[in-house]
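Let me begin by presenting the structure, written as structure tokens, before commenting on it.
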Amino acid sequence: MSTGLKRPTLDTVTTINRDGSRHLIHPADAAGRFMLARRLFAVLLLAVYILLPWIPINGSPAVFLDVANRRFHLFGLTFLAQDLWVAFFAVSGAGFILFYLTALFGRLWCGWACPYTVFLEHAVRRVERWIEGDAQSRRRLDAMPWRGMKILRRGLSLTATFLISLLVAHFFLAYFVSLPRLWKMMLSRPGEHWFAFCVVMLVTLTLFFCFAWFREQFCIVLCPYGRIQSALTDEHTLTVAYDRGRGEPRGRPGATGVGDCVNCLRCVQVCPTGIDIRNGLQLECIGCAACLDACDAVMLRLKRRRGLVRYTSMRGLQGLKTRWLRPRILAYTGLLAAGLAALGFSITRLHSFQATLTRLAGAPYYVTAEGVRNQFQLELVNKRRETGEFRLDLEDAPAGTRLNPSGNAIRVPGQEEYKGVLTIEIPRSVYQGKQRLVLRVRNGTHPDATALEFEFTGPDPRLLPEISPAPAPASIP
Ligand code: SF4
Ligand code: SF4
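Heads up: the sequence shown begins at 0 in numbering that gives the first Met the number 0, then just goes up one per residue.
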């Protein structure tokens, strides 16, 4: 493993040496307007990531993925496992938003908002810098033998990284168990909730591995989004780019016939993925703008114009106009609008309860002294927080048809399920054979209704007088 400042090339990945060993990067600190904006944005995002499971909306946390009870609370809406088809539109919508933002602004997500970058850059590396010192001190520490100061500083730094990983793993768990339950788990023995304990330890160790050692390799080697970005961007996309026309040829300040780049390598020193932005747009670039701030600081010191490295498009670098509206953007806008419309429509189609009717196993019908009877299992899932009083009505049924239970007969507590037998009996005098019927289910306190269409089955009505009554029907197995 090597750790010194390495000159990046386009032939190899900076973080991997020719012999396959790891080259550890210690990015120098960059200060500037974009870094300040990123830090403020990161604080806001950290607050959002941490507080989402705490902020109550409609009586539930803003985001609470209650996998154990198969209930998912998202910003005031409650979804059950049966509603997960809506997730298809939500996930594809989020994907289209990412496509859309990438086509417009490149890897803005990676550098500014990705939780991995936010925790690594604005928590782990901050603490590490505080304990181990600036980039040079950290490199010196790397080169030192393992004793005294190195053991102390590295030990402290790794302990802090482990604690951050543990904390993040608990924030992660808070999305899946309620906060009171999380608190209870934290105060009890691991054996009482071994599954959650194993999940937290697994997440902690994975994060610790990533934060302490794997670091930028995750973005360079593992993240699929980085792989597809080149297919999403074009010459109009805004990226962090080096103005070759202005910067080349490189040379010392004051030398004649040279461009604005003084080859100070500040842009390389601050890059968290170890690349040289002057080599053009590269897969490893996460668009963090650290090189931009670093170069601006150099330009200001030399009393030159800022923006040798800047946010611009490939066309902008050539002095051509960047077009925001272009076929790719229009196509993504169309897809995004269609996705959002589908999501909005599917949310409006969600009922405040779920009703299902399943024919009971066994005989499809019973002929009794009074008539022909069909039996079903009725399942009601009340998605609301309040108790529901469910009313059942039969439509298109002959007069005198008996429904049991009927009327406002079924009370289901908030977010609970009801399972029971529903019997429908058509009197012999009006029985006309098989027919399609509709069971309308209403929540008495809510205008929502569900119509369940089913087939009422039975014998040929001409044979009915000859059929003697069957034994009493079965109950749910
Ligand atoms: S920081 Fe600016 S001046 Fe220095 S090497 Fe990079 S591009 Fe050139
Ligand atoms: S090249 Fe610049 S924008 Fe890209 S990752 Fe490195 S420092 Fe960030």
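Glycine included, C-beta positions come from ideal geometry on N, C-alpha and C. Model, not experiment: these values are computed from the prediction.
Label GLN414 either buried or exposed according to how many other C-beta atoms from any shown protein chain fall within 10 Å of its C-beta, with 16 as the threshold for buried.
On the sequence shown, residue 414 is found 415 positions in, with the first residue counted as 1. Buried, by the Cβ-count rule.
Is any heavy atom of ligand 1 found at a distance shorter than 6 Å from the C-beta of ARG138?
The residue you call residue 138 lines up with position 139 of the sequence shown. Incorrect: ARG138 has no Cβ contact closer than 6 Å to ligand 1.
So is the beta-carbon of VAL126 under 6 Å away from any non-hydrogen atom of ligand 1?
Counting from one through the sequence shown, the residue named residue 126 turns up at place 127. Not so, every heavy atom of ligand 1 lies at least 6 Å from the Cβ.
Are ASN278 and LEU9 closer than 7 Å when you measure CB to CB?
Against the sequence shown, residue 278 aligns to sequence position 279. Against the sequence shown, residue 9 aligns to sequence position 10. Contact: yes.
Would you kindly work out how many angstroms separate the C-alpha atoms of SER514 and GLY370, rounded to a whole number?
Residue 514 lies beyond the range of the chain shown here (0 to 476); nothing can be said about it.
Does the distance between the C-beta of GLY94 and the nearest non-hydrogen atom of ligand 2 fall short of 6 Å?
Translated into the one-based positions of the sequence shown, residue 94 becomes position 95. Outside the cutoff, so no.
Give the list of continuous beta strand (DSSP E) stretches no shorter than 3 residues that lie fully inside the segment 192–275.
DSSP runs (the beta strand (DSSP E)) wholly in the segment 192–275: 238–241.
The beta strand (DSSP E) with LEU393 in it runs from where to where?
What you label residue 393 is simply residue 394 of the sequence shown in a count that begins at 1. Taken as a continuous stretch (DSSP letters only), the beta strand (DSSP E) holding LEU393 covers 387–394.
Kindly list the residues whose CB is nearer than 6 Å to the CB of LEU301, restricted to its own chain and excluding five residues on each side of it in sequence; keep chain order.
For the purposes of this step, residue 301 is taken as residue 302 along the sequence shown, with counting starting at 1. Excluding positions up to five away in sequence, the list reads PRO252.
Measuring alpha carbon to alpha carbon, tell me which of CYS197, GLN317, GLU234, ASP395 ends up nearest ARG327.
Your numbering for residue 327 matches position 328 in the sequence shown. If we check each option's Cα against that of ARG327, GLU234 comes out closest.
Determine, using beta-carbon pairs with one atom in the segment 84–96 and one in the segment 188–200, whether at least three such pairs fall under 8 Å.
no
Ligand 1 and LEU264: does the residue's C-beta get closer than 6 Å to at least one heavy atom of that ligand?
Your numbering for residue 264 matches position 265 in the sequence shown. Under cutoff, so the answer is yes.
For MET485, which residues of its own chain have a beta-carbon under 8 Å away from its beta-carbon, when the five flanking residues on both sides are left out?
Outside the shown range of the chain (0 to 476) lies residue 485, about which nothing can therefore be said.
Run through DSSP, which three-state label would GLY147 get?
Within the sequence shown, residue 147 is the residue found at index 148, counting from 1. Helix, per DSSP.
Can you tell me the Cβ-Cβ gap for PRO248 and VAL257, rounded? I've got them flagged as a contact below 8 Å.
Numbered from its first residue, the sequence shown carries residue 248 at position 249. Numbered from its first residue, the sequence shown carries residue 257 at position 258. That belief holds up - the Cβ atoms of PRO248 and VAL257 are roughly 5 Å apart, short of 8 Å.
Should GLY286 be listed as close to ligand 2, given that the test is whether its C-beta is under 6 Å from any heavy atom?
Along the sequence shown, one-based indexing puts residue 286 at 287. Yes, the beta carbon of GLY286 sits closer than 6 Å to at least one heavy atom of ligand 2.
Measuring only the C-alpha atoms, how far is LYS5 from THR332?
Stepping through the sequence shown from its first residue, residue 5 is reached at position 6. Stepping through the sequence shown from its first residue, residue 332 is reached at position 333. Rounded to the nearest angstrom, the two C-alpha atoms are 42 Å apart.
Excluding the 5 residues flanking ASP401 on each side, which residues of the same chain have their C-beta closer than 6 Å to its C-beta?
Within the sequence shown, numbered from 1, the residue matching residue 401 stands at position 402. Checking the sequence, you will find Arg at residue 401 rather than Asp. These residues qualify, in order along the chain: GLU424.
In this structure, does DSSP put VAL12 in helix, strand or coil?
Numbered from 1 along the sequence shown, position 13 holds the residue referred to as residue 12. If DSSP states are grouped into helix, strand and coil, VAL12 belongs with coil.
Since ILE274 contacts PRO55 with CB under 8 Å, what's their CB separation in whole angstroms?
Counting from one through the sequence shown, the residue named residue 274 turns up at place 275. Counting from one through the sequence shown, the residue named residue 55 turns up at place 56. In fact, because the Cβ distance is near 44 Å, the residues do not count as touching under 8 Å.
Shortest alpha-carbon distance to GLU454 belongs to which of PRO404, THR357, ASP447, CYS209?
Along the sequence shown, read from residue 1 onward, the residue named residue 454 stands at position 455. Shortest Cα-Cα distance from GLU454 to any of PRO404, THR357, ASP447, CYS209 involves THR357.
Just how far apart, CA to CA, sit GLY105 and LEU45?
As a first step, residue 105 must be located in the sequence shown, where it is residue number 106. As a first step, residue 45 must be located in the sequence shown, where it is residue number 46. Between GLY105 and LEU45, the C-alpha separation is close to 22 Å.
For the putative contact between ILE285 and THR116, defined by C-beta atoms under 8 Å, what is the C-beta separation to the nearest angstrom?
As a working note, residue 285 is residue 286 in the sequence shown. As a working note, residue 116 is residue 117 in the sequence shown. Between THR116 and ILE285 the Cβ distance is about 7 Å, and since that is below 8 Å, they are a contact.
How many Å lie between ASP18 and CYS113 at the Cα?
Stepping through the sequence shown from its first residue, residue 18 is reached at position 19. Stepping through the sequence shown from its first residue, residue 113 is reached at position 114. Roughly 31 Å separates the two Cα atoms.
Kindly provide the ranges of any alpha helix (DSSP H) runs that are 4 or more residues long and lie completely inside the segment 306–353, ordered along the chain.
313–316, 326–347
Tell me the DSSP secondary structure of GLY370 in three-state form.
For the purposes of this step, residue 370 is taken as the residue at position 371 of the sequence shown. GLY370: strand per DSSP, three-state reduction.
Which residues in the same chain have their Cβ closer than 7 Å to the Cβ of CYS209, if we skip the five residues on either side of it in sequence?
Position 210 of the sequence shown holds residue 209. Excluding sequence neighbours, CYS209 sits near PHE217.
For the segment 78–93 and the segment 332–351, state whether three or more C-beta atom pairs, one from each stretch, are separated by less than 8 Å.
yes
Based on DSSP bridge pairs, tell me the residues matched to THR422.
By one-based count along the sequence shown, residue 422 stands at place 423. Its beta-bridge partners are GLN374, ASN403.
How long is the line joining the alpha carbons of ALA296 and GLY31, rounded to whole angstroms?
For the purposes of this step, residue 296 is identified with residue 297 of the sequence shown, where counting begins at 1. For the purposes of this step, residue 31 is identified with residue 32 of the sequence shown, where counting begins at 1. Distance between the alpha carbons of ALA296 and GLY31 is about 7 Å.
What does SER467 pair with, by DSSP beta-bridge criteria?
The residue you call residue 467 lines up with position 468 of the sequence shown. In DSSP, SER467 forms no bridge with anything.
Could you compute how far the alpha carbon of LEU393 sits from the alpha carbon of ARG70?
For the purposes of this step, residue 393 is identified with residue 394 of the sequence shown, where counting begins at 1. For the purposes of this step, residue 70 is identified with residue 71 of the sequence shown, where counting begins at 1. A straight-line Cα-Cα distance of about 30 Å links LEU393 and ARG70.
At the level of alpha carbons, what is the spacing between PRO446 and VAL440?
Looking up residue 446 in the sequence shown gives position 447. Looking up residue 440 in the sequence shown gives position 441. Their Cα atoms are separated by approximately 11 Å.
Which residues in the same chain as HIS169 place their Cβ atom closer than 8 Å to its Cβ, once the five residues preceding and following it in sequence are excluded?
If you number the sequence shown from 1, residue 169 lands on position 170. So the list reads LEU181, MET185, VAL199, once near-sequence residues are dropped.
For the beta strand (DSSP E) holding VAL126, just list the boundary residues, first then last.
Residue mapping note: residue 126 aligns to position 127 of the sequence shown, counting from 1. VAL126 -> not in any beta strand (DSSP E); alpha helix (DSSP H) instead, spanning 124–131.
Is LEU307 near ligand 1 - that is, is its Cβ less than 6 Å away from at least one heavy atom of it?
Stepping through the sequence shown from its first residue, residue 307 is reached at position 308. LEU307 Cβ: within cutoff of ligand 1.
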